[in-house]
Amino acid sequence: MPPPTRPSFDTFTGLCPDPDMRRLSISMNGFHGVPNTDSLSRSKGGELPVLEHLLSADGARTLSLAVDKNYIFAGTQSTDNEITVFSRTNLQQSAKLAGHTGSVLALLYVPEKQWLFSGSSDGTVRIWDTATLTFISEIHPSYDTSGDIYSLAWDPRAGGTLYFGAQNTDIEYVNFGNPHLLGSLQKANGGPTSEGQTPDKDSAPAQDPSVKALRSSRVKPHSFFNSRAASPDLHKTAAASSAAFPFPKTPSRPSTPNTISLPEKIIVPHDNVVGSAHYGYIYCMTLFKRAGDVMWLVSGSGDSDVKVWECQPHGGLKFLFTFDGLSGAVFSLVSRDDLLLAGLQDGTIKVWDLETKACIRTILAHNSDVLSMSLVGTDLYTASAEGQILRFDASFDCTATFQAHSGAILSTVVVPINEDRFEFITAGHDAYVKLWRLPRMNSRSASAQSADLNVAADGDVMLYALSKLVAIPSMGAQASLLPTVEGKNPLVMAKFKGQATSPLVRKRVLFYGHYDVQPATEQDWISDPWELSGRNGYLYGRGIADNKAPIMAVASAAASLQERRLLDVDIIMIIEGEEESGSAGFLQALRRYKDDIGHIDTILLSNSSWIGEDDPCVVFGLRGVIYANLSIASENNDAHSGVDGGAVAEPMLAMIRLLGSIGTENKVLIPGFYDDVAEVTEAERDYYRAVSSITGMDTENVMRKWRQPTFSVANIQSSGPSPANNTIIPKSVTANVSFRLVPNQTIEQIAQDIQDHCQNVFASFSGEMTLNVKVTHKADWWLASVENPYFTALERAVEKIWGKDLFNAPCVHLPLGQHSTAAHLSNERLRLLNLRNGKRVIEEFLMSLSSIATTE
Numbered sequence: 002m003p004p005p006t007r008p009s010f011d012t013f014t015g016l017c018p019d020p021d022m023r024r025l026s027i028s029m030n031g032f033h034g035v036p037n038t039d040s041l042s043r044s045k046g047g048e049l050p051v052l053e054h055l056l057s058a059d060g061a062r063t064l065s066l067a068v069d070k071n072y073i074f075a076g077t078q079s080t081d082n083e084i085t086v087f088s089r090t091n092l093q094q095s096a097k098l099a100g101h102t103g104s105v106l107a108l109l110y111v112p113e114k115q116w117l118f119s120g121s122s123d124g125t126v127r128i129w130d131t132a133t134l135t136f137i138s139e140i141h142p143s144y145d146t147s148g149d150i151y152s153l154a155w156d157p158r159a160g161g162t163l164y165f166g167a168q169n170t171d172i173e174y175v176n177f178g179n180p181h182l183l184g185s186l187q188k189a190n191g192g193p194t195s196e197g198q199t200p201d202k203d204s205a206p207a208q209d210p211s212v213k214a215l216r217s218s219r220v221k222p223h224s225f226f227n228s229r230a231a232s233p234d235l236h237k238t239a240a241a242s243s244a245a246f247p248f249p250k251t252p253s254r255p256s257t258p259n260t261i262s263l264p265e266k267i268i269v270p271h272d273n274v275v276g277s278a279h280y281g282y283i284y285c286m287t288l289f290k291r292a293g294d295v296m297w298l299v300s301g302s303g304d305s306d307v308k309v310w311e312c313q314p315h316g317g318l319k320f321l322f323t324f325d326g327l328s329g330a331v332f333s334l335v336s337r338d339d340l341l342l343a344g345l346q347d348g349t350i351k352v353w354d355l356e357t358k359a360c361i362r363t364i365l366a367h368n369s370d371v372l373s374m375s376l377v378g379t380d381l382y383t384a385s386a387e388g389q390i391l392r393f394d395a396s397f398d399c400t401a402t403f404q405a406h407s408g409a410i411l412s413t414v415v416v417p418i419n420e421d422r423f424e425f426i427t428a429g430h431d432a433y434v435k436l437w438r439l440p441r442m443n444s445r446s447a448s449a450q451s452a453d454l455n456v457a458a459d460g461d462v463m464l465y466a467l468s469k470l471v472a473i474p475s476m477g478a479q480a481s482l483l484p485t486v487e488g489k490n491p492l493v494m495a496k497f498k499g500q501a502t503s504p505l506v507r508k509r510v511l512f513y514g515h516y517d518v519q520p521a522t523e524q525d526w527i528s529d530p531w532e533l534s535g536r537n538g539y540l541y542g543r544g545i546a547d548n549k550a551p552i553m554a555v556a557s558a559a560a561s562l563q564e565r566r567l568l569d570v571d572i573i574m575i576i577e578g579e580e581e582s583g584s585a586g587f588l589q590a591l592r593r594y595k596d597d598i599g600h601i602d603t604i605l606l607s608n609s610s611w612i613g614e615d616d617p618c619v620v621f622g623l624r625g626v627i628y629a630n631l632s633i634a635s636e637n638n639d640a641h642s643g644v645d646g647g648a649v650a651e652p653m654l655a656m657i658r659l660l661g662s663i664g665t666e667n668k669v670l671i672p673g674f675y676d677d678v679a680e681v682t683e684a685e686r687d688y689y690r691a692v693s694s695i696t697g698m699d700t701e702n703v704m705r706k707w708r709q710p711t712f713s714v715a716n717i718q719s720s721g722p723s724p725a726n727n728t729i730i731p732k733s734v735t736a737n738v739s740f741r742l743v744p745n746q747t748i749e750q751i752a753q754d755i756q757d758h759c760q761n762v763f764a765s766f767s768g769e770m771t772l773n774v775k776v777t778h779k780a781d782w783w784l785a786s787v788e789n790p791y792f793t794a795l796e797r798a799v800e801k802i803w804g805k806d807l808f809n810a811p812c813v814h815l816p817l818g819q820h821s822t823a824a825h826l827s828n829e830r831l832r833l834l835n836l837r838n839g840k841r842v843i844e845e846f847l848m849s850l851s852s853i854a855t856t857e
């Protein structure tokens with residue numbers, strides 16, 4: 002009989018991600034899907050999973066998934082058919098395992114050996130060491146006509162046996178309990194003959210009479226399905242065609258204690274083949290542990306049959322019984338207690354009781370193929386070819402339905418986080434891998450989940466709160482609003498009270514942050530700037546780096562310490578709402594509420610960025626800033642350059658002359674501007690040399706960016722009907738400029754010097770024009786003392802968490818974002834690892850402060 006219709010992984014085209022990324026934006030509120038009206042189960046609406054993060058294997062379509070404690074493995078269909086390895090710590094790519102010459106259709110992780118098995122459309126199974134991310138061995142089926150390897154299963158007894166199901170309808174196996182046998186597998190009767198040909202397949206013995214009866218009626222696969230025929234590199238040796246590409250270099254593969262020595266190439270002996278186990282492709286397999294030490298293997302096929310086999314302890318299958326006559330190909334299998342569930346081609350899920358062999362339920366779940374199923378306790382998650390996921394409870398009532406991917410969901414896996422929390426990972430035809438936080442097992446209520454969140458857990462409350470940026474009652478802070486000036490956003494003050502020491506000697510830390518943000522030009526964003534989105538280890542959203550994520554890191558750190566009774570200092574958080582527009586009323590409010598804030602021992606800031614991408618840093622100084630608006634206007638109206646050019650005053654030319662008199666990109670020309678600039682000491686220059694060695698920047702360039710005063714022009718705007726009209730002489734022109742100041746420049750004096758210089762220069766060519774100079778914002782420079790003990794505490798905290806030495810410089814300013822955070826720009830982002838480690842650094846810092854001597 003011909004094989005059933007199924008998406009051919011090797012004929013997929015169009016590997017580019019969906020261009021409309023806004024539909025794939027990760028809302029921390031979760032996705033709201035459309036109920037499936039074809040389900041025969043009763044619908045009991047429940048809490049939906051929350052989509053936390055999105056991964057992309059460089060745009061390649063992910064066909065299979067596996068997870069261990071450190072990594073997420075994504076088997077791809079791509080030019081190189083690699084297994085992309087993502088770190089579970091930072092959700093970024095850690096390595097690429099290359100060597101298959103066809104799509105990676107199946108992955109299986111074996112924890113007791115730290116092995117990853119990968120089955121491919123090149124007809125081979127590869128073994129990888131997950132501790133070192135290196136190639137171990139390649140398994141070749143007994144016959145060249147095996148075709149695609151769709152399914153893998155592992156029996157842990159007697160050293161372990163791997164079973165794999167193939168396109169040619171066979172199930173083959175390798176037992177790893179006998180090192181001597183493995184050492185001789187290359188010479189087994191399945192190996193090449195002296196002429197380089199394999200023996201005729203039909204000479205292989207059948208292992209069971211029921212299997213033998215199938216062989217004579219078997220239909221051989223069409224040559225179209227022999228995916229290896231078009232692979233010119235098929236006959237390369239395993240060592241030559243395999244490689245692991247960790248970033249930034251490839252490690253060598255040391256031996257691991259739990260790994261026996263394996264040959265680089267294993268050819269399955271003919272005796273290890275269950276020939277024609279099915280009439281169709283073997284798409285899925287699962288193992289059942291029965292009473293005692295008995296193991297059953299269940300296989301599902303395109304022939305619309307499910308077969309149950311008893312696994313022999315050292316490998317081999319004994320046929321037991323069949324569930325046949327199903328309504329379509331069997332694409333997925335899972336087991337729960339004595340129940341077996343099969344996902345079928347027509348969207349149906351069959352449920353059997355294996356004790357009675359009775360079908361106890363037929364669920365019309367989906368409108369298309371049920372390609373993957375996963376169990377979380379008594380909950381069943383089913384995924385379809387139309388990108389939809391359904392959740393069923395223990396009674397097989399549908400409790401959730403949502404659209405998870407654009408196109409087929411090709412693989413799913415469940416990862417336990419703790420005893421009642423799980424992560425659900427899905428891979429789709431749309432080239433994305435998505436990470437979902439499942440509802441807690443003891444709650445189906447969103448409000449209950451929020452109330453029960455563990456503030457000590459990395460990412461749990463922090464990401465939830467970051468998506469909302471609202472107060473969470475369980476955090477334990479006393480929050481209040483402090484008005485500033487009329488019409489402006491208030492300050493938010495939150496207090497975390499320490500313990501263990503008396504209030505009279507307890508250290509008090511003030512954290513300053515701001516909750517207002519710059520505008521977002523939405524068309525320049527890949528995802529919605531106003532929804533927290535996660536992609537490839539980064540969190541995206543306007544204000545994520547500047548300054549909402551640092552606020553949440555501090556709040557979560559304080560709450561975590563308070564909950565664990567480790568907070569021995571008082572934390573006062575002052576969060577401003579007008580920082581991006583000049584901090585109107587901020588200073589007045591601080592003076593007005595100084596008594597409410599109370600005595601402060603040190604101030605903690607987190608409103609800057611690293612000097613690069615890989616090296617965390619702390620900040621011991623910031624340049625000051627003056628923003629000014631220059632406006633030049635004439636007494637005339639807008640004029641036509643062809644009619645009035647040369648006869649009327651031109652404010653644009655005047656503005657250009659004025660700006661040129663103020664400075665260039667490397668030099669400020671205002672008289673006296675550099676008079677009070679402090680000399681750079683040799684000790685300070687050593688810091689810049691250290692920065693230079695890390696960043697690769699020239700030392701002088703580092704100093705230009707950090708230590709020298711500057712002048713910059715932000716924008717120039719003019720009157721007229723259209724900025725693009727080349728014939729208009731504008732009657733007025735404005736320019737917004739900024740100056741960066743350094744020690745020991747006096748901000749008030751520099752501000753006055755700027756205004757005086759502009760008026761003096763303008764007076765020499767003003768003609769019929771007027772100039773208005775307005776200083777719109779001022780902020781003084783800051784430099785910490787090298788003797789500051791609070792810097793030492795923060796420095797040690799960073800070194801402990803990140804495992805990196807820092808410069809011996811004072812600081813109470815902790816940046817969380819890398820240099821590429823793009824604050825104020827499109828696609829502003831913050832690395833998830835930085836947020837989580839930032840929280841831990843702050844915890845370490847706060848815990849160390851009680852040991853610092855109090856100075857009156």
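Just so we're on the same page, this note's numbering is the position in the sequence shown counted from 1, plus 1. Glycine included, every Cβ here is placed at the ideal spot set by N, Cα and C. Model, not experiment: these values are computed from the prediction.
Query, Result
"Closer than 7 Å by C-beta to residue 290: which residues in its own chain qualify, once you throw out the five before and the five after it? Chain order, please.", "296"
"Give the secondary structure of residue 287 by DSSP, where H, G and I count as helix, E and B as strand, and everything else as coil.", "strand"
"Can you name the start and end residues of the beta strand (DSSP E) that residue 837 belongs to?", "Looking at the DSSP string, residue 837 is not in any beta strand (DSSP E); the run it does join, the alpha helix (DSSP H), is 833-849."
"With H, G and I counted as helix, E and B as strand and the rest as coil, what does DSSP make of residue 158?", "helix"
"Pull up the distance between the alpha-carbon of residue 734 and that of residue 763, whole angstroms please.", "14 Å"
"Using the C-alpha atoms, what's the distance from residue 98 back to residue 721?", "60 Å"
"I'd like to know if the region 117-132 and the region 275-284 are in contact, where contact means that at least 3 CB-CB pairs between them fall below 8 Å.", "no"
"What's the gap between the Cα of residue 264 and the Cα of residue 138?", "6 Å"
"By Cβ distance, which residues of its chain are closer than 8 Å to residue 41, with the 5 residues on each side in sequence left out?", "Confidence at residue 41 is low in this model, with a pLDDT of 40, below 50, so the placement of that residue should be treated as unreliable; the coordinate-derived value is given next. Cβ neighbours of residue 41 beyond the five flanking positions: 363, 364 and 365."
"Compute the beta-carbon to beta-carbon distance between residue 830 and residue 546, rounded to the nearest angstrom, for a pair I have assumed lies under 8 Å.", "7 Å"
"Check whether the region 518-537 and the region 591-598 touch, using three or more Cβ-Cβ pairs below 8 Å as the test.", "no"
"Just list the residues that DSSP pairs residue 759 with in beta bridges.", "Residue 759 pairs with nothing; no bridge assigned."
"Start and end of the alpha helix (DSSP H) containing residue 803?", "790-803"
"Near residue 690, which residues of its chain fall below 6 Å by C-beta distance, leaving aside the five closest residues on each side in sequence?", "700"
"Among 107, 103 and 49, whose alpha-carbon lies nearest the alpha-carbon of residue 67?", "107"
"Can you tell which of 736, 753 and 697 has the C-alpha that lies nearest to the C-alpha of residue 672?", "753"
"Looking at the unbroken alpha helix (DSSP H) that takes in residue 702, where does it start and where does it end?", "700-707"
"Can you tell me which of 577, 358, 314 and 609 puts its alpha carbon nearest to the alpha carbon of residue 175?", "314"
"Roughly how many angstroms separate the alpha carbons of residue 573 and residue 805, rounded to a whole number?", "29 Å"
"Can you list, in chain order, the residues of its chain whose CB lies under 8 Å from that of residue 845, leaving out five sequence neighbours each side?", "797, 798, 801 and 802"
"Quick one: any contact between the region 672-682 and the region 621-628, if contact means 3 or more CB pairs under 8 Å?", "no"
"Under a Cβ-count criterion, where at least 16 other Cβ atoms within 10 Å of its own Cβ denotes burial, should residue 237 be classed as buried or exposed?", "With a pLDDT of only 27 at residue 237, under the threshold of 50, the placement of this residue in the model should not be trusted; the figure read from the coordinates follows. Classification of residue 237: exposed, given that the 10 Å Cβ count is below 16."
"Output the boundary residues of the alpha helix (DSSP H) element that contains residue 97.", "Counting along the chain, residue 97 falls outside any alpha helix (DSSP H), though it belongs to the beta strand (DSSP E) covering 94-99."
"Figure out for me which residue from 348, 324 and 319 has the closest Cα to the Cα of residue 332.", "348"
"Between the C-alpha atoms of residue 292 and residue 110, what's the straight-line distance to the nearest angstrom?", "24 Å"
"Are the region 59-66 and the region 395-407 touching by the rule of at least three beta carbon pairs closer than 8 Å?", "no"
"With a 10 Å radius around its C-beta and 16 neighbouring C-beta atoms as the bar for buried, classify residue 150 as buried or exposed.", "buried"
"Count the C-beta pairs between the region 547-564 and the region 75-90 that are closer than 8 Å, then say yes if the count reaches three, no if not.", "no"
"For residue 106, which of helix, strand or coil comes out of DSSP?", "strand"
"Does the Cβ-Cβ distance between residue 851 and residue 510 come in under 8 Å?", "no"
"Put residue 546 into one of helix, strand or coil per three-state DSSP.", "helix"
"Of all the options 641, 729, 101 and 432, which has the alpha carbon lying nearest to the alpha carbon of residue 59?", "432"
"Taking 6 Å as the limit between beta carbons, can you name the residues of its chain near residue 337, skipping five residues before and five after?", "376"
"Taking its Cβ as the centre, do 16 or more other Cβ atoms sit within 10 Å of residue 873, making it buried, or is it exposed?", "This structure gives no information on residue 873, because the portion of the chain shown stretches from 2 to 857."
"To the nearest angstrom, how far is it from the Cα of residue 658 to the Cα of residue 716?", "15 Å"
"Out of 486, 481 and 500, state which residue places its alpha-carbon closest to the alpha-carbon of residue 494.", "481"
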